[in-house]
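Asker: Sequential numbering from 35 applies to the sequence shown in my numbering. Note that beta-carbon positions come from the ideal geometry of N, C-alpha and C, so glycine has one too. Every value quoted in this text rests on a predicted model; they were computed, and no experiment measured them.
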Amino acid sequence: MYDVEAIRHDFPLLQQNANGRPLAYLDSGASSQKPQAVIEAMNTYYREYNANVHRGIYQISEKASAAYEAARKKVARFINARSWREVIFTRNATESINLVAFSWGLANLKPGDTIITSEMEHHANFVPWQQLAAHTGATVKYIPVTEQGLLDMAAFDQLLDSSVKLVAVTLMSNVLGTIPPAAEIVQKAHAAGALVLFDGAQAVPHMPTDVQALDGDFLVFSGHKMLGPTGIGVLWARKEILADMPPFMTGGDMIKTVRLEGSTWNDLPWKFEAGTPAIAEAIGLGYAVDYLSALGMDNVRQHEIELVSYALERLNQVEGVRIYGPPEPTIRGGAVAFTLGNIHAHDVSAVLDGEGIAVRAGHHCAMPLHERYGLQATTRASFYVYNTPAEIDRLAVGLDKVRELLG
Ligand code: C6P
35 MYDVEAIRHD
45 FPLLQQNANG
55 RPLAYLDSGA
65 SSQKPQAVIE
75 AMNTYYREYN
85 ANVHRGIYQI
95 SEKASAAYEA
105 ARKKVARFIN
115 ARSWREVIFT
125 RNATESINLV
135 AFSWGLANLK
145 PGDTIITSEM
155 EHHANFVPWQ
165 QLAAHTGATV
175 KYIPVTEQGL
185 LDMAAFDQLL
195 DSSVKLVAVT
205 LMSNVLGTIP
215 PAAEIVQKAH
225 AAGALVLFDG
235 AQAVPHMPTD
245 VQALDGDFLV
255 FSGHKMLGPT
265 GIGVLWARKE
275 ILADMPPFMT
285 GGDMIKTVRL
295 EGSTWNDLPW
305 KFEAGTPAIA
315 EAIGLGYAVD
325 YLSALGMDNV
335 RQHEIELVSY
345 ALERLNQVEG
355 VRIYGPPEPT
365 IRGGAVAFTL
375 GNIHAHDVSA
385 VLDGEGIAVR
395 AGHHCAMPLH
405 ERYGLQATTR
415 ASFYVYNTPA
425 EIDRLAVGLD
435 KVRELLG
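Below, the structure written as structure tokens:
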């Protein structure tokens, strides 16, 4: 049984009050809270075996190296990678996308080539491709979003031709919650000869992920949105592709030999991990993965479907609320963005804060998507493993109060 009250006890931060009320943390889409096990694992590293990895021939360094590499293996199992060598630690999803853009992209794209992304992407899945296009003479094209918040797959078909080298799309929108049809995207992109990059920053924390079943070529995500610490992210890619890619950043740890005449690169995955890595953070992410695995990702997803179903029902009862994204909870994740009449999202958020409710207000790093709907900003509630229907009730009551005060 999924016992949300027991889960809440594992999160020290959720025990506190905000503005005299129990904190209702509805901003996990921005960053999740951390369970005690993750905090403790990082503390233990610093207290008991803090040392650099892959360098020291002494006990605590060897212990640190083993813990760092064990974390990688946990992540590999969590996403069902064929090999732990396909899991590269980065700082976050953003850095993972930049790694692909400036390693794979600079080596493989030329004028006349096309990169396809979509209108619903986070800026992290826009700007690196625009920069790559500026460097290479390639063109970026965008799959439009329908009024209902879905990818326009007929338009995608029209965009696909032999010039397309990469299709980079989200597995779950951070604004609309939309879960695009990944299998169809892969099948069509591969048939056109293009590789596929999935932005899993929102999806990987919230639903089971199997990179072999997905059959894409790159997957990126961040530790801090999946109960782990900030400063650690992941790039997964097929071994064959990684083997052919040049390094992104260079320096210590990513080399095999360095001579005055030139250098050679380390084996995968270390070829892409220049300098001292985020050791405590990787270890923390490993414990976050353990925590999520113990909950069961099917249960995590089911809990979220229940919360989103309730949120859609409850928020739709609030006069003046307009929710963006698909109405079916089975094809959306835990982000629910909405407007409340003409009241600015920052004002909505400020009044809710007074009630102890934390939501995000603004464009959520998705300006083109907001422009698509003629909006400058929305308010976004986003849910995770520890949220409850009672918090959604508080949100709805809080929105009534916003209307009374500012409507
Ligand atoms: N979205 C949000 O509040 P980083 O910042 O690298 O950890 O994650 C970037 C990113 C990429 N893709 C998607 C779909 C995302 O949602 C995010 C981060 C947060 O929506 C912070 S802007």
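For the beta strand (DSSP E) containing Trp304, list its first residue and its last residue.
Answerer: Taking the first residue of the sequence shown as position 1, residue 304 is located at position 270. Neither: Trp304 is in no beta strand (DSSP E) and is coded neither H nor E.
Asker: Of the residues Leu261, Asp287, Asp244, Ile365, which one's Cα is nearest the Cα of Ala271?
Answerer: Locating residue 271 in the sequence shown gives position 237, counting from the first residue. Ranking the options by Cα distance to Ala271, first place goes to Asp244.
Asker: What is the residue span of the alpha helix (DSSP H) that Phe112 lies within?
Answerer: Within the sequence shown, numbered from 1, the residue matching residue 112 stands at position 78. Looking at the DSSP string, the run of the alpha helix (DSSP H) that includes Phe112 is 93 to 112.
Asker: With a threshold of 6 Å, establish whether the CB of His156 neighbours any heavy atom of the ligand C6P.
Answerer: Counted from its first residue, the sequence shown places residue 156 at position 122. Yes, the Cβ of His156 comes within 6 Å of a heavy atom of the ligand C6P.
Asker: Starting from Tyr344, follow the alpha helix (DSSP H) in both directions and report where the run begins and ends.
Answerer: Start at 1 with the first residue of the sequence shown, and residue 344 comes out as number 310. Where Tyr344 is concerned, the enclosing alpha helix (DSSP H) stretches over 331 to 350.
Asker: Asp61: buried (16+ other C-beta within 10 angstroms of its C-beta) or exposed?
Answerer: In the sequence shown, residue 61 corresponds to position 27, counting from 1. When all chains shown are included, Asp61 counts as buried.
Asker: Please tell me whether, using a cut-off of 6 Å, the distance from the CB of His224 to the nearest non-hydrogen atom of the ligand C6P is below it.
Answerer: Taking the first residue of the sequence shown as 1, we reach residue 224 at position 190. No.
Asker: Can you give the Cα-Cα distance for Ala308 and Ala345, rounded to whole angstroms?
Answerer: Start at 1 with the first residue of the sequence shown, and residue 308 comes out as number 274. Start at 1 with the first residue of the sequence shown, and residue 345 comes out as number 311. Approximately 44 Å, taken between the alpha carbons.
Asker: Determine the extent of the alpha helix (DSSP H) in which Arg428 is found, giving its start and end residues.
Answerer: Your numbering for residue 428 matches position 394 in the sequence shown. It spans 423 to 440 - the alpha helix (DSSP H) in which Arg428 sits, taken as one unbroken run.
Asker: Please tell me whether, using a cut-off of 6 Å, the distance from the CB of His398 to the nearest non-hydrogen atom of the ligand C6P is below it.
Answerer: As a first step, residue 398 is located in the sequence shown; it is residue number 364 there, counting from the start. Yes, the beta carbon of His398 sits closer than 6 Å to at least one heavy atom of the ligand C6P.
Asker: If you draw a straight line from the alpha carbon of Val393 to that of Gly441, how long is it in whole angstroms?
Answerer: Here residue 393 refers to the residue found at position 359 when the sequence shown is read from its first residue. Here residue 441 refers to the residue found at position 407 when the sequence shown is read from its first residue. Approximately 19 Å between the Cα atoms of the pair.
Asker: Can you give me the C-alpha to C-alpha distance between Gly390 and Arg111, rounded to a whole angstrom?
Answerer: Here the question's residue 390 lines up with position 356 in the sequence shown. Here the question's residue 111 lines up with position 77 in the sequence shown. Rounded to whole angstroms, Gly390 to Arg111 spans 38 Å at the Cα level.
Asker: Closer than 7 Å by C-beta to Ser99: which residues in its own chain qualify, once you throw out the five before and the five after it? Chain order, please.
Answerer: Counting from one through the sequence shown, the residue named residue 99 turns up at place 65. Cβ neighbours of Ser99 beyond the five flanking positions: Val87, His88.
Asker: Note down, in chain order, each residue of its chain lying with its Cβ closer than 7 Å to the Cβ of Phe255, except the 5 sequence neighbours on either side.
Answerer: Locating residue 255 in the sequence shown gives position 221, counting from the first residue. The answer, listed in chain order, is Ala127, Gly234, Ala235, Val238, Gly267, Val268.
Asker: Is DSSP giving Ser327 helix, strand or coil here?
Answerer: Position 293 of the sequence shown, counted from the first residue, corresponds to residue 327. Helix, per DSSP.
Asker: Are the Cβ atoms of Gly359 and Gly183 separated by less than 7 Å?
Answerer: The sequence position of residue 359 within the sequence shown is 325, counting from 1. The sequence position of residue 183 within the sequence shown is 149, counting from 1. Yes.
Asker: Should Asn208 be counted as a contact of the ligand ZN given a C-beta to heavy atom distance under 6 Å?
Answerer: Inclusion of the ligand ZN in the displayed structure is not the case, the ligand content consisting of the ligand C6P alone.
Asker: Please go through the same chain and pick out, in chain order, the residues whose beta-carbon is closer than 6 Å to the beta-carbon of Lys97, but skip the five residues on each side of it.
Answerer: Within the sequence shown, the letter at position 63 stands for residue 97. So the list reads Tyr83, once near-sequence residues are dropped.
Asker: Grouping DSSP H, G and I as helix and E and B as strand, with all else coil, what is Pro402?
Answerer: Locating residue 402 in the sequence shown gives position 368, where the first residue counts as 1. Note: Pro402 maps to helix in three-state DSSP.
Asker: With the cut-off set at 7 Å, would you say Leu326 and Ala105 are in Cβ contact?
Answerer: Along the sequence shown, one-based indexing puts residue 326 at 292. Along the sequence shown, one-based indexing puts residue 105 at 71. No, these two residues do not count as a Cβ contact at 7 Å.
Asker: From the DSSP output, in three-state form, read off Leu231 for me.
Answerer: Here residue 231 is taken as the residue at index 197 of the sequence shown, counted from 1. Three-state result, Leu231: strand.
Asker: Using the Cα positions of Glu218 and Thr151, report the straight-line distance between them to the nearest angstrom.
Answerer: Here residue 218 refers to the residue found at position 184 when the sequence shown is read from its first residue. Here residue 151 refers to the residue found at position 117 when the sequence shown is read from its first residue. Rounded to whole angstroms, Glu218 to Thr151 spans 15 Å at the Cα level.
Asker: First and last residue of the beta strand (DSSP E) that includes Val174?
Answerer: Numbered from its first residue, the sequence shown carries residue 174 at position 140. Where Val174 is concerned, the enclosing beta strand (DSSP E) stretches over 173 to 177.
Asker: State the DSSP-derived secondary structure class of Thr124, mapped to helix, strand or coil.
Answerer: Position 90 of the sequence shown holds residue 124. It is a strand residue.
Asker: With C-beta atoms as the reference, is Tyr36 less than 7 Å away from Asn333?
Answerer: As a first step, residue 36 is located in the sequence shown; it is residue number 2 there, counting from the start. As a first step, residue 333 is located in the sequence shown; it is residue number 299 there, counting from the start. Yes, the pair counts as a contact, with Cβ atoms nearer than the cut-off.
Asker: Report the rounded CA-to-CA distance for Thr264 versus Asn77, giving the unit in angstroms.
Answerer: Taking the first residue of the sequence shown as 1, we reach residue 264 at position 230. Taking the first residue of the sequence shown as 1, we reach residue 77 at position 43. So the two alpha carbons sit approximately 15 Å from each other.
Asker: Could you spell out where the beta strand (DSSP E) holding Ile150 opens and where it closes?
Answerer: Along the sequence shown, one-based indexing puts residue 150 at 116. Ile150 -> beta strand (DSSP E) spans 148 to 152.
Asker: Would you mind sorting Leu166 into buried or exposed? The rule is 16 or more other CB atoms within 10 Å of its CB.
Answerer: Looking up residue 166 in the sequence shown gives position 132. Buried is the call here.
Asker: Report yes if the C-beta distance between Ser137 and Phe282 is below 7 Å; otherwise report no.
Answerer: As a working mapping, residue 137 is identified with position 103 in the sequence shown. As a working mapping, residue 282 is identified with position 248 in the sequence shown. Cβ atoms of Ser137 and Phe282: closer than 7 Å.
Asker: From what residue to what residue does the alpha helix (DSSP H) around Phe190 run?
Answerer: Taking the sequence shown and counting its residues from 1, the one referred to as residue 190 is at position 156. Phe190 -> alpha helix (DSSP H) spans 187 to 193.
Asker: Could you round the C-beta distance between Phe190 and Lys144 to whole angstroms and report it? I think they count as a contact, below 8 Å.
Answerer: Looking up residue 190 in the sequence shown gives position 156. Looking up residue 144 in the sequence shown gives position 110. Going by Cβ atoms, the distance from Phe190 to Lys144 rounds to 23 Å, so no, they are not a contact pair.
Asker: Can you tell me whether DSSP reads Pro280 as helix, strand or coil?
Answerer: One-based indexing of the sequence shown puts residue 280 at position 246. Looking at Pro280 - three-state DSSP - the assignment turns out to be coil, as it is neither helix nor strand.
Asker: Need the endpoints of the beta strand (DSSP E) that Val370 sits in, please.
Answerer: Indexing the sequence shown from 1 puts residue 370 at position 336. Per DSSP, Val370 belongs to the beta strand (DSSP E) from 369 to 374.
Asker: Should Ser196 go down as buried or exposed, given a rule of 16 or more other Cβ atoms within 10 Å for buried?
Answerer: For the purposes of this step, residue 196 is taken as residue 162 along the sequence shown, with counting starting at 1. Ser196 is exposed by the Cβ-count criterion.
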